[in-house]
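In this note's numbering, the protein residues as written are 95 to 515.
Just so you know, even glycine gets a beta-carbon here, dropped at the ideal spot from N, CA and C.
What follows is a set of notes on a single structure, which appears directly below.
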Amino acid sequence: MTDILDELEWRDVLAQTTDIDALREALSKGPITVYAGFDPTAPSLHVGNLATLLILTRFQRAGHKPIGLVGGATGLIGDPSGRSTERVLNTTEVVAEWVQRIRVQVEKFLSFEPGPTSATLVSNLDWTAEMSAIDFLRDVGKHFPVNRMLARESVSARLSGEGLSYTEFSYQILQANDYLELYRRHGCSLQLGGSDQWGNITAGVDLIRRVEGAHVHALTGKLITKADGTKFGKTAGGAVWLDGALTSPYAFYQYWLNADDRDVVRFLKVFTFRSREEIEELEKAVAERPFAREAQRALAEDLTRMVHGAEELAAVVAASKALFGQGSLEELSAATLEGALAEVPKAKIDTLGASFVDLLADSGLVESKSAARRAVKEGGAYLNNVKITDESYVPDAGDLLQGRFMVLRRGKKSIGGVEVG
């Protein structure tokens, strides 16, 4: 087995542990069982969740047994961590649907091949649903001193602001009970999470010590930040989701391709399985040939392949080239075109009939019709990678890609689009 803690430290993802020396000793004695939980607070995981999921995957690759927990119960309650206001509670039907969708996403990253490191996937609703309120209060709640619960950062921050309902206040007890159940059922002795989960995770460590007299471990990963100060995992349209219906594979690829030079090496360490030697070579490329964006391309390709598969990666790479005149637009699928054009200035029209000049202006690719006419006159305007030199040209049905789309380009690098219908 590889020394997973050394790897996590080199990759600069390790934030907190209860006792790193004790954990290192436990890991050295043989495989342990480790879990990470993912609440269905949305219909998909996002790239922030991906950082934790990949740490869990690294533990499996290092020879340990992973458990992926989807919060069918905790998702009905809501975690107050990192929030200044109360969550809106989703219906049981919505949460159940989201549980299934997130299970599928988690399954992609873990191996379920029979063997000592075979992954397990669970929902905490399996043991929480059958627990009565009296059982919860007597068997679990009695082990939680209120003064200690009040001192937790996720609780104290809310109490100094808009307040906190008993529902969200009890969240840490439910998560702690999950760790206890997984310790009893699977011998789980390590829980992973983001650093904002530290209070909830250590509550589970304390509960197991109180109830079982056992010493288990906790480890959190660093919350990822961006060098320019903007929030990690966000685009102009919102979060970067792992579900291709919420963030298209093309948009996902472009998010990583556009990584800042100051961020890309750190992202390669956190989000890929490339070796130290490979990443050091890419770091050298960033320093010596930043214009080539080799590191960004490696990052975007690795992650898109990992999340969406090799076929989708090939499609988005083909789209990226075709949009800039280096491939055939006609070979792109409707889904790929839709995803690509969602990321650029675009005009939506009901029917054909507008001139090419009007479409250039309406899409926002140029600031005015006079600027559009000037672009055509100077030979810098393209429709589906074909140069248009006639200011009066009116696109017809033969210009539609997949019966719905047209790709506009000004010069070599400015892309826009039109969607009909």
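To which residues does DSSP link residue i through a beta bridge?
i	result
V512	A441, M500
A130	G162, L286
S315	Ser is not the amino acid found at residue 315; the sequence shown has Gly there. Bridge partners of G315: L108, G288.
H140	W335
L99	In DSSP, L99 forms no bridge with anything.
L495	F499
Contact defined as beta carbons within less than 8 Å: I believe residue i pairs with residue j. What is the distance between those atoms, to the nearest angstrom?
i	j	result
A345	G433	6 Å
T399	L407	The sequence given here places Arg at residue 399; Thr does not occur at that position. Indeed, because the Cβ distance is near 5 Å, the residues count as touching under 8 Å.
L286	V310	L286 to V310, Cβ: 12 Å. No contact.
L431	F367	Incorrect: roughly 31 Å between the Cβ atoms, too far for contact.
V438	I509	5 Å
P174	V128	The pair is not a contact, with the Cβ atoms about 25 Å apart (cut-off 8 Å).
T314	G288	6 Å
S422	A416	6 Å
F132	N143	6 Å
A455	K442	A455 to K442, Cβ: 14 Å. No contact.
F361	A353	6 Å
G169	V193	7 Å
A297	Q269	7 Å
I196	H158	That belief does not hold up - the Cβ atoms of I196 and H158 are roughly 22 Å apart, past 8 Å.
L274	V240	Their Cβ separation, rounded to whole angstroms, is 19 Å, which puts L274 and V240 out of contact at 8 Å.
A145	I318	6 Å
Quick check: the Cα distance between residue i and residue j, rounded to an integer number of angstroms?
i	j	result
V512	V334	24 Å
I373	A389	8 Å
T109	A130	A small fix is needed here, since residue 109 is Ala in this sequence, not Thr. Whole-angstrom Cα-Cα distance: 15 Å.
L336	A167	22 Å
F230	N271	9 Å
P384	F418	20 Å
K325	V141	12 Å
F529	R467	Residue 529 lies beyond the range of the chain shown here (95 to 515); nothing can be said about it.
A251	A245	9 Å
V497	D220	Here residue 497 turns out to be Gly, not Val, going by the sequence shown. Cα-Cα distance, rounded: 48 Å.
L147	V200	7 Å
H402	R118	34 Å
A308	I302	6 Å
I98	Q348	31 Å
M225	E375	54 Å
K363	D106	8 Å
D115	V299	16 Å
E101	T111	15 Å
S254	A156	43 Å
L276	L163	10 Å
L477	A469	12 Å
Y520	G165	Within the shown structure, residues of the chain are numbered from 95 to 515, placing residue 520 beyond reach of any answer.
L139	P210	27 Å
Q420	A223	56 Å
R356	E103	19 Å
T135	A386	39 Å
L446	A409	28 Å
G281	D113	19 Å
Q291	F263	14 Å
R391	V359	12 Å
L435	L495	12 Å
A491	E405	29 Å
S248	Q266	10 Å
S205	G338	22 Å
K316	W350	19 Å
G176	A312	19 Å
K328	E256	26 Å
V380	V460	32 Å
K440	G323	28 Å
V411	P343	10 Å
Confirm the yes/no value for this check: CB of residue i, any heavy atom of the ligand GDP, distance under 7 Å.
i	result
D444	Of the ligands one can find in the structure shown there are none, so the ligand GDP has no counterpart to examine.
Across the segment 235-245 and the segment 174-188, are there enough close Cβ pairs to call them in contact, namely three or more that are closer than 8 Å? no
May I have a chain-ordered list of the alpha helix (DSSP H) segments no shorter than 4 residues that lie completely inside the segment 435-489? 450-457, 463-471
Start-end ranges of the alpha helix (DSSP H) lying completely within the segment 296-370, minimum 4 residues: If we require 4 residues or more, the alpha helix (DSSP H) runs fully inside the segment 296-370 come out as 343-351, 355-365.
Just checking, does the segment 485-501 make contact with the segment 447-456 on the three C-beta pairs under 8 Å criterion? yes
Does the segment 503-512 come into contact with the segment 420-428, if we say contact requires no fewer than three beta-carbon pairs (one atom in each stretch) closer than 8 Å? Segment contact: the segment 503-512 against the segment 420-428, fewer than three CB-CB distances shorter than 8 Å; contact not assigned.
3-residue-minimum beta strand (DSSP E) runs that sit fully inside the segment 155-237, ordered along the chain: 159-164, 214-217
Complete runs of the alpha helix (DSSP H) confined to the segment 370-421 [at least 4 residues]: Within the segment 370-421, the complete alpha helix (DSSP H) runs of at least 4 residues are 370-382, 388-402, 404-417.
What are the start and end residues of each continuous alpha helix (DSSP H) run of 4 or more residues lying completely inside the segment 240-273, in chain order? For the segment 240-273, the full-length alpha helix (DSSP H) segments reaching 4 residues or more read 240-245, 247-253, 260-263 along the chain.
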